[in-house]
Each structure stands twice: as structure tokens, then as C-alpha cells.
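Okay, so here's the structure we're looking at.
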Amino acid sequence: MTYWSRRLLGALTVLFFVLTLNFALFRLMPGDPVASLIDPRFSPESKEALRKAYGLDRPQAEQFLLYLKRTVTFDFGLSFISGRPVWQELRNRLPHTVALTGSALALSGLIGTFLGVTAARRRGGLLERATLTAGALSFSFPSFFLQLLLLLLLAVFWPLFPLRGSVSVPAPQGAALIADYLHHLALPVISLVLLSFGSWALYVRNLMVKILGSEPLFLARAKGLPESILLWRHAFRTALPPLLTLVLLSLPGLLSGAVITETVFSLHGVGRFLLESIQGQDYPAAGGAFYLLALVTVASNLLADAAYGMADPRIRFERERRR
């Protein structure tokens, strides 16, 4: 069996276990999921007809097989709460989550990488001490605390940003809609960048310090190569494979963290949809959202593996030799 065959088989196994846990955990939760749909005045016949419509009257094994079949084809059924197709709900909300997490990841990665490389180059300076402090502080504050503080300061005391929502109500038209959307998105992105750029900078700084102190860099420096070429063409290129891996492996964490961010800022995204689904015991919606997160996690791991091999030819050669 080849390397990628093993990796794909492992990914499929992980997805199967995730789907099994999703099915089991939601059905072990206390309460009746259909109770949120049923009016107390409904007759027993009406309640039973509603259960039958959602397939909750069937045996657990049959429900599980039907759940697997529908999930892998993105047919998650109808949401208990909204009554709309779950995939349609997810598809409408996914661009908002991608815009939030993508912008935050890009900005925090660029800022953190620049600060980390500069701090490694100027050891013992003020910038390095500030980078180390920022890296420590970024792990110290819970995300919701900082986000609520930013809302209080920049949306209530000084109303520079909107207090809630993805767009204004009523929504403007044309180009004004894009500007309004970016205005609503700015503060959530700023909060995520503040929470993550320090750890990025700290990781890049430690990695670059290790690379700059290696024997190949000492040899290149002894040959008289300029410092800028040593830093960016040699040291940073050596650090690129683990950085690419870190970017891809950060995606699942960002999407999971979107649950808190989208709830605090009342954004129309997948994270908030997942939280509302869990609170409302909406099996189809919560299962669809978890499946989407599982797909992103598995895909990120596979892409990180592939990106590492492309960025470092030694890894690709080693895999080919093992076949």
C-alpha cells in the first residue's frame, strides 16, 4: 500500500468515527428534539406524524444507515428549527465564516511572520522583547473576554464599529453593501488578529533563531553573503515547510473558534448556526455543521502533508524511496 493510500484510508476512518460519534452523542442528549417543533396543542397523532416525517420513529440502526447515506451526499435533511434544508442554510452561511476566518488567518500570519523574522534578526532588541510579550499575552486572555471588551470600547463607548450583525438593517444596495459588510466584519477580524498574531510571531521567531544558528547558515555567512539574502532566501525558505503546515493546520481551530466569535458579534455564519443547532437539539443541522468541520479538518491535514512535501523535496524523495 502506498503512502497516500494509507493517508486516505486513515482520513476515511476518521470521518467514519466522527459521523458515528455525531449520531450517538446527539441522541444521548436529554430531551426530545421534536419538542421544539411541536405545539402543546398538537394531538398524539400529529406528533407521531411529525416524528415519522423526520425518520425518528425508525430503529436506531436504520436511522444510522440513513444518516450515513444522506450525510456523505450532503443531503442533511430539513432543519428542525427553521424548516429549511440544512445544506442550504450552511451554504448561505459558509461565505461569512470563510471571510471572517480567512481574513484573520491571512492578517495574523503576515503580521506574525514579519514580526517573528525581524525579532530573530535583531536578538535582544526592543522588538524581540515585545514579540515575546505579545506571544505570552495572546494565550492569557479568553477570546470572548477580549471580544466583549472590544465591543464595549469600540462599539458602545466609542461607536466606531457596529454593535452586532453581518450587515445593517435595512441593508444598503450596490457598492454601499460591500462597504457596510466590511465595516461589520472589521471588529471581529481585529479581535481574532489580536488573539493570534502573537503566537504566530513567537513561533516564527523561535524557528528562525534555530535556523539562523545552524551550521549551513554559519557557512553561508562565512562566504560573505549579505544578511538580507541569508535571512529571506536561505533561513526563511528553510522555515517555509513548517509554516505552510501551521497555516493549514490552523484552519480547523479557526473554524471551531468561529463559534464564539460569531456568537459574540452576532454574525450570520456556520459557527453561530452550530451553537444554535446544539441548543435547540436540531439533529440534522448540528450533524451537518459537525460534518463540515470534520471535512475541513481532514482536508487540512492532507493538504498540509502535501504542501510539506512540495516545499521540501527531501520529504517527497523519502516517501518515494519507501514505496
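Remember, our numbering sits 366 above the position in the sequence shown when you count from 1. Cβ coordinates follow ideal geometry from the N, Cα and C atoms, glycine included. Since the structure is predicted, the reported quantities are computational estimates derived from the model, not experimental observations.
Contacts around residue 537, its chain only, beta-carbon distance under 8 Å, and the 5 residues preceding and following it disregarded: Stepping through the sequence shown from its first residue, residue 537 is reached at position 171. Contacts found: 543 and 546.
Going by DSSP, what residues sit across from residue 444 in a beta bridge? Taking the sequence shown and counting its residues from 1, one reaches residue 444 at position 78. DSSP output for residue 444 lists 451 as bridge partner(s).
Is the Cβ-Cβ distance between residue 381 and residue 664 less than 8 Å? One-based indexing of the sequence shown puts residue 381 at position 15. One-based indexing of the sequence shown puts residue 664 at position 298. It is a contact, given that the beta carbons lie within the stated cut-off.
Alpha carbon to alpha carbon, how far is residue 668 from residue 371? Give it in angstroms, no decimals. Position 5 of the sequence shown, counted from the start, is the residue given in the question as residue 371. Position 302 of the sequence shown, counted from the start, is the residue given in the question as residue 668. Answer to the nearest angstrom: the Cα atoms are 11 Å apart.
Could you check whether residue 641 and residue 567 sit closer than 8 Å to each other, using their CB atoms as the reference points? Here residue 567 is taken as the residue at index 201 of the sequence shown, counted from 1. Here residue 641 is taken as the residue at index 275 of the sequence shown, counted from 1. No, the pair does not count as a contact, with Cβ atoms beyond the cut-off.
Is DSSP giving residue 491 helix, strand or coil here? Start at 1 with the first residue of the sequence shown, and residue 491 comes out as number 125. If DSSP states are grouped into helix, strand and coil, residue 491 belongs with coil.
Is residue 370 helix, strand or coil by DSSP? The count along the sequence shown starts at 1 and reaches residue 370 at position 4. Residue 370: helix per DSSP, three-state reduction.
Please go through the same chain and pick out, in chain order, the residues whose beta-carbon is closer than 6 Å to the beta-carbon of residue 611, but skip the five residues on each side of it. Translated into the one-based positions of the sequence shown, residue 611 becomes position 245. Same-chain partners within the cutoff: 670 and 674.
What do you get for residue 523, buried or exposed, if any count of 16 or more other CB atoms within 10 angstroms of its CB means buried? To locate residue 523, count along the sequence shown from 1; it is residue 157. Looking at its Cβ environment, which holds fewer than 16 other Cβ atoms inside 10 Å, residue 523 is exposed.
Between which two residues does the alpha helix (DSSP H) containing residue 566 stretch? Your numbering for residue 566 matches position 200 in the sequence shown. Start and end: 541-578.
Residue 548, buried or exposed, once every other Cβ within 10 Å from all chains shown has been counted against 16: Position 182 of the sequence shown, counted from the start, is the residue given in the question as residue 548. Looking at its Cβ environment, which holds fewer than 16 other Cβ atoms inside 10 Å, residue 548 is exposed.
Might you give, ordered along the chain, the residues of its own chain that have their beta carbon closer than 8 Å to the beta carbon of residue 477, omitting 5 neighbours on each side? Within the sequence shown, numbered from 1, the residue matching residue 477 stands at position 111. Within the same chain, residue 477 has close Cβ partners 559, 563, 566 and 567.
Assumed close pair residue 597, residue 530 - CB separation to whole angstroms, cut-off 8 Å: Taking the first residue of the sequence shown as position 1, residue 597 is located at position 231. Taking the first residue of the sequence shown as position 1, residue 530 is located at position 164. At roughly 44 Å, the Cβ-Cβ gap does not stay under 8 Å, so residue 597 and residue 530 are not in contact.
Three-way DSSP call (helix, strand, coil) for residue 535 in this model: Your numbering for residue 535 matches position 169 in the sequence shown. Looking at residue 535 - three-state DSSP - the assignment turns out to be coil, as it is neither helix nor strand.
Local conformation of residue 474 per DSSP, three classes: Within the sequence shown, numbered from 1, the residue matching residue 474 stands at position 108. The answer is helix: DSSP assigns residue 474 an H, G or I state.
Using only the alpha-carbon positions, how far apart do residue 599 and residue 440 sit? Here residue 599 is taken as the residue at index 233 of the sequence shown, counted from 1. Here residue 440 is taken as the residue at index 74 of the sequence shown, counted from 1. So the two alpha carbons sit approximately 44 Å from each other.
Mind reading off the beta-carbon distance from residue 654 to residue 442? Whole number of angstroms is fine, and I expect it under 8 Å. Counted from its first residue, the sequence shown places residue 654 at position 288. Counted from its first residue, the sequence shown places residue 442 at position 76. With a Cβ gap of about 4 Å, residue 654 and residue 442 count as contacting.
When DSSP labels each residue in this structure, what does residue 527 get in the three-state scheme? On the sequence shown, position 161 is the one that residue 527 refers to. Correct three-state label for residue 527: coil.
Nearest to residue 620 by alpha carbon, out of 554, 569 and 602? Mapped onto the sequence shown, residue 620 falls at position 254. Of the listed residues, the one whose Cα sits closest to residue 620 is 554.
Can you tell me the Cβ-Cβ gap for residue 447 and residue 623, rounded? I've got them flagged as a contact below 8 Å. In the sequence shown, the residue the question calls residue 447 occupies position 81. In the sequence shown, the residue the question calls residue 623 occupies position 257. That belief does not hold up - the Cβ atoms of residue 447 and residue 623 are roughly 23 Å apart, past 8 Å.
Which runs of the alpha helix (DSSP H) at least 4 residues long sit entirely within the stretch 628-663? Give them in chain order. 636-645
At the level of alpha carbons, what is the spacing between residue 657 and residue 643? If you number the sequence shown from 1, residue 657 lands on position 291. If you number the sequence shown from 1, residue 643 lands on position 277. So the alpha carbons of these two residues sit roughly 13 Å apart.
Applying the criterion that 16 or more other CB atoms from any shown protein chain within 10 Å of the CB defines a buried residue, is residue 489 buried or exposed? Here residue 489 refers to the residue found at position 123 of the sequence shown. Residue 489 is exposed by the Cβ-count criterion.
Ends of the alpha helix (DSSP H) at residue 432? Stepping through the sequence shown from its first residue, residue 432 is reached at position 66. 426-438 is the extent of the alpha helix (DSSP H) around residue 432.
Under the assumption that residue 526 contacts residue 520 (Cβ atoms under 8 Å), give the Cβ distance between them as a whole number of angstroms. Along the sequence shown, read from residue 1 onward, the residue named residue 526 stands at position 160. Along the sequence shown, read from residue 1 onward, the residue named residue 520 stands at position 154. Sure, about 5 Å apart at Cβ, within 8 Å.
In whole angstroms, give me the CA-to-CA distance for residue 497 and residue 588. On the sequence shown, residue 497 is found 131 positions in, with the first residue counted as 1. On the sequence shown, residue 588 is found 222 positions in, with the first residue counted as 1. Their backbone Cα atoms lie some 29 Å apart in a straight line.
Residues of its chain near residue 485, where Cβ-Cβ distance is below 6 Å and the 5 sequence neighbours each way are ignored: For the purposes of this step, residue 485 is taken as residue 119 along the sequence shown, with counting starting at 1. So the qualifying residues of the chain are 493, 494, 497 and 571.
Cβ of residue 455 within 8 Å of Cβ of residue 602? For the purposes of this step, residue 455 is identified with residue 89 of the sequence shown, where counting begins at 1. For the purposes of this step, residue 602 is identified with residue 236 of the sequence shown, where counting begins at 1. No, Cβ-Cβ distance for residue 455 and residue 602 is not below 8 Å.
Own chain residues within Cβ distance below 6 Å of residue 651, not counting five before or after: As a position in the sequence shown, residue 651 is number 285, starting the count at 1. Once the five neighbours on either side are set aside, the close Cβ partners of residue 651 are 445, 452 and 643.
Under 6 Å Cβ to Cβ from residue 469, same chain only, skipping five residues before and after it: list those, please. Counted from its first residue, the sequence shown places residue 469 at position 103. Closer than 6 Å at the Cβ level, and outside the excluded window around residue 469, lie 555.
Proximity of residue 616 and residue 561 at Cβ, strictly below 8 Å: Taking the sequence shown and counting its residues from 1, one reaches residue 616 at position 250. Taking the sequence shown and counting its residues from 1, one reaches residue 561 at position 195. The answer is no: Cβ separation not under 8 Å.
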